[in-house]
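Read the structure below first, then the notes.
Number of protein chains: 2
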Amino acid sequence: MTRPAKRITSTDVARVAGVSQTTVSFVLNDKPGHSIPEATRLRVLEVARQLDYRPHASARALAAGRSDIVLLSLPDLPMGGAITRFVEEMAAALADHGLTLVTHLAGARGRPLADVCATVNALAVIGLTSFDDDTAQALYRAGADVVLPTRFSHSAAGLPVGRLQAGHLIARGHRRIGYALPAHPGLREMAADRLEGVVAACADAGLEPPVAVGTSLEVDAAAAAVAQWAGNSVTGVCAFNDETALAVLAGLREQGLSAPGDLAVVGVDDIPVARLAAPPLTTVSFDLRHAARGRAEVIMAALAGREPGLVHREEWRLIRRASA
Amino acid sequence: MTRPAKRITSTDVARVAGVSQTTVSFVLNDKPGHSIPEATRLRVLEVARQLDYRPHASARALAAGRSDIVLLSLPDLPMGGAITRFVEEMAAALADHGLTLVTHLAGARGRPLADVCATVNALAVIGLTSFDDDTAQALYRAGADVVLPTRFSHSAAGLPVGRLQAGHLIARGHRRIGYALPAHPGLREMAADRLEGVVAACADAGLEPPVAVGTSLEVDAAAAAVAQWAGNSVTGVCAFNDETALAVLAGLREQGLSAPGDLAVVGVDDIPVARLAAPPLTTVSFDLRHAARGRAEVIMAALAGREPGLVHREEWRLIRRASA
DNA sequence: CATGGTAAGTAATGCGCATTACCCAGATCG
DNA sequence: CGATCTGGGTAATGCGCATTACTTACCATG
Numbered sequence: 003m004t005r006p007a008k009r010i011t012s013t014d015v016a017r018v019a020g021v022s023q024t025t026v027s028f029v030l031n032d033k034p035g036h037s038i039p040e041a042t043r044l045r046v047l048e049v050a051r052q053l054d055y056r057p058h059a060s061a062r063a064l065a066a067g068r069s070d071i072v073l074l075s076l077p078d079l080p081m082g083g084a085i086t087r088f089v090e091e092m093a094a095a096l097a098d099h100g101l102t103l104v105t106h107l108a109g110a111r112g113r114p115l116a117d118v119c120a121t122v123n124a125l126a127v128i129g130l131t132s133f134d135d136d137t138a139q140a141l142y143r144a145g146a147d148v149v150l151p152t153r154f155s156h157s158a159a160g161l162p163v164g165r166l167q168a169g170h171l172i173a174r175g176h177r178r179i180g181y182a183l184p185a186h187p188g189l190r191e192m193a194a195d196r197l198e199g200v201v202a203a204c205a206d207a208g209l210e211p212p213v214a215v216g217t218s219l220e221v222d223a224a225a226a227a228v229a230q231w232a233g234n235s236v237t238g239v240c241a242f243n244d245e246t247a248l249a250v251l252a253g254l255r256e257q258g259l260s261a262p263g264d265l266a267v268v269g270v271d272d273i274p275v276a277r278l279a280a281p282p283l284t285t286v287s288f289d290l291r292h293a294a295r296g297r298a299e300v301i302m303a304a305l306a307g308r309e310p311g312l313v314h315r316e317e318w319r320l321i322r323r324a325s326a
Numbered sequence: 003m004t005r006p007a008k009r010i011t012s013t014d015v016a017r018v019a020g021v022s023q024t025t026v027s028f029v030l031n032d033k034p035g036h037s038i039p040e041a042t043r044l045r046v047l048e049v050a051r052q053l054d055y056r057p058h059a060s061a062r063a064l065a066a067g068r069s070d071i072v073l074l075s076l077p078d079l080p081m082g083g084a085i086t087r088f089v090e091e092m093a094a095a096l097a098d099h100g101l102t103l104v105t106h107l108a109g110a111r112g113r114p115l116a117d118v119c120a121t122v123n124a125l126a127v128i129g130l131t132s133f134d135d136d137t138a139q140a141l142y143r144a145g146a147d148v149v150l151p152t153r154f155s156h157s158a159a160g161l162p163v164g165r166l167q168a169g170h171l172i173a174r175g176h177r178r179i180g181y182a183l184p185a186h187p188g189l190r191e192m193a194a195d196r197l198e199g200v201v202a203a204c205a206d207a208g209l210e211p212p213v214a215v216g217t218s219l220e221v222d223a224a225a226a227a228v229a230q231w232a233g234n235s236v237t238g239v240c241a242f243n244d245e246t247a248l249a250v251l252a253g254l255r256e257q258g259l260s261a262p263g264d265l266a267v268v269g270v271d272d273i274p275v276a277r278l279a280a281p282p283l284t285t286v287s288f289d290l291r292h293a294a295r296g297r298a299e300v301i302m303a304a305l306a307g308r309e310p311g312l313v314h315r316e317e318w319r320l321i322r323r324a325s326a
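Quick look at the structure:
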């Protein structure tokens, strides 16, 4: 386990390839407007490969005045399976564009976002929910080029989810719909979007608006929510996400009831344990990889100053299982 | 929402404070061996605060030859709730020491670890499972100062978990124990540790070794596993983690059986949905924040070239619910 | 043949910081 | 009284790279 071997720099590559460091830089960055003959190009590339050269990110960032770091601010909330996967996919998608995703947990313990942004010299800062103006200002001042309120579930996207959930219930004959709101405040904004979709679906079907009830992931809280729905003759519930839906299922059980007979339940996300529930959870899922890639593209576009171009349509689909 | 505003550099601070940039650097880094009168110190500090100065990470890294980045390599596996939380806690703990945790997903899509390590100029690289020698070498060569096989579940720690699980079952009178191994290869190393603990507990109690069976998170696979245990007259099963345990529960249901009557089930992690399962899952949990802080300390120690000092004992505890 | 153009490069510069080497006024000492 | 030390600083340097300004050799063209 020795550790000798100094770092290999672009100057090393230059020396071995018999060119100047400038040329190496041009070749490696594919600088346009500078004609480098193919032979030289290849030679440099080959030497770089042989020497196992990797540009030094800090130096590059310092010289170029911009890093390749995209900072993702995550609310300090119980991250469910879906968000986690989304983050992973985002990281992979951005990596394909040469960007590095680093996540920052908001919340009491951490340093302020603008602080982190400045210290890592982030190129862009994105979040799951929109930043208020003050925060955005602070981030720009902290050196961010792009600050995107790139919500995981953009307003445009929250609605279809709710519609899909409610639509399924309505199609199955339910006339009084409930909605299970998450207890965590950080999730509220996202939940509001989805709830709106449910409201819309109910309106379209000529039904009364859904009975929205909040519940934590505790059995008691869920049982109370179930009681409330029962009191309002609700027969089908759309839950904010799968975890909330599982809580509802547990609440039903607690009350000696069951899904879908007493109350049909539809979740969102299709987390791995959704299919393992009793009964297996009917839920709405979408291709996280696809979505992450879409988001990454929006970011790239913003960085390039372009308009996002065609954003891939996110395809949500209902996964029918036993709970509804 | 525009506001250009150049970055504030240490030179700016120096100018305003009427000292040299060198002095600012000394003050801000608390450089020992250089006597700076309190008055100057305070003045610099105050100006830095007023100007909202934040050192530029890249510049600092370049100048100092070392970044403040700790790279965490995560296997490309379905990260359950527990690992995610662990990562969050790690990040927070390291941030308290001025370090930044960035995670890298191993796996086909991503760039090789050593590559990432070199480009971000990571100070340390850590992982959940041990790195083999070649990889470690490559990482050192890529510039890492410290490479820790800092396993989430260190060999020393995997055993107690298994022991705790098995101990509970044995105490409840089970004489033939099963073990549910996760299907994902990336989890195998961790699982082996825990299984070993179960083996030890069985041996201690004079029982035969556990019947280890692999299962994915699909109901069918779990049902098959359940059948296998039934065929071996196993009455209690320790699962690798809660998700696997939930699969076993679903497998039981599929077979028309139930826990704990037909088969007692014990998980690990106490993920949020564990208490929502049918029946609520008995599981082993531990204080992730505590553990993360402990790990962070080990890293800090290694960076300082010190021995880890006293590592906080990780306290696992059994959470008794209905499934076992 | 002078002029300009282009292809193929290189030297020099500076990003923001940490660090090293140095500097100077006054106190202490031999 | 000159030499030495020391507290309180500063100037200069360089990390590894991207970028800008410049150079040289080799054409083509009027």
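Protein chains in written order, with my numbering: chain A, 3 to 326; chain B, 3 to 326.
Backbone N, C-alpha and C fix where the C-beta goes; we use that ideal spot for every residue, glycine too.
On a predicted model such as this, the values are computed, not experimentally measured, just so you know.
Contact with chain B by residue i, beta-carbon distance below 8 Å
i: G145 of chain A; result: yes
i: V18 of chain A; result: no
Residue i burial status per 10 Å Cβ neighbour count (16 or more: buried)
i: T24 of chain A; result: exposed
i: S325 of chain A; result: buried
i: A66 of chain A; result: exposed
i: N123 of chain B; result: buried
i: P77 of chain A; result: buried
i: H99 of chain B; result: exposed
i: T285 of chain A; result: buried
i: L44 of chain B; result: exposed
i: T237 of chain B; result: buried
i: H176 of chain B; result: buried
i: E317 of chain B; result: exposed
i: D70 of chain B; result: buried
i: D271 of chain A; result: buried
i: E91 of chain A; result: buried
Cross-chain neighbours of residue i in chain A, by beta carbon under 7 Å
i: V275 of chain B; result: E245, L248 and V275
i: E90 of chain B; result: L107
Chain-ordered chain B contacts of residue i [CB-CB under 8 Å]
i: R255 of chain A; result: A280
Cutoff 8 Å: residue i Cβ touching any chain A Cβ
i: L161 of chain B; result: no
i: R9 of chain B; result: yes
i: T86 of chain B; result: yes
i: R322 of chain B; result: no
i: H156 of chain B; result: At H156 of chain B the pLDDT is 49, less than 50, meaning the model places this residue with poor confidence; the figure from the coordinates comes in the next sentence. Not closer than 8 Å to any Cβ of chain A, the Cβ of H156 of chain B fails to qualify, so no.
Neighbouring residues, chain A, relative to residue i (Cβ below 8 Å)
i: L64 of chain B; result: H58, S60, A61 and L64
Contacts of residue i in chain A (Cβ-Cβ under 9 Å)
i: S69 of chain B; result: A59 and S60
Residues that residue i contacts on chain B, provided the C-beta gap is smaller than 9 Å
i: A93 of chain A; result: T105, H106, L107 and G112
i: A252 of chain A; result: V275, R277, L278, A279, A280 and P282
Name the residues in the region 96 to 128 of chain A whose C-beta lies less than 7 Å from a C-beta of chain B; which are they?
A97, T102, V104, L107, R111, G112, R113, D117, A120, T121, V122 and N123
Where the region 32 to 62 of chain A meets chain B: residues whose CB sits under 7 Å from a CB there
Contact annotation: in the region 32 to 62 of chain A, residues whose CB is within less than 7 Å of a CB in chain B are R56, P57, H58, A59, S60 and A61.
Residues in the region 220 to 238 of chain B having any Cβ partner in chain A nearer than 7 Å
V221
Indicate whether the contact test is met: 3 or more Cβ pairs, each with one atom in the region 181 to 192 of chain B and one in the region 141 to 152 of chain B, closer than 8 Å.
no
Given 8 Å as the limit, is there contact between the region 84 to 95 of chain B and the region 288 to 298 of chain B, that is, 3 or more CB pairs closer than that?
yes
Spell out a yes or no on whether the region 248 to 264 of chain A and the region 222 to 238 of chain A are touching, meaning 3 or more CB-CB pairs, one atom from each, closer than 8 Å.
yes
Does the region 192 to 212 of chain B come into contact with the region 228 to 245 of chain B, if we say contact requires no fewer than three beta-carbon pairs (one atom in each stretch) closer than 8 Å?
yes
Does the count of Cβ pairs from the region 158 to 167 of chain B and the region 141 to 149 of chain B closer than 8 Å reach three?
Not touching, per the Cβ criterion.
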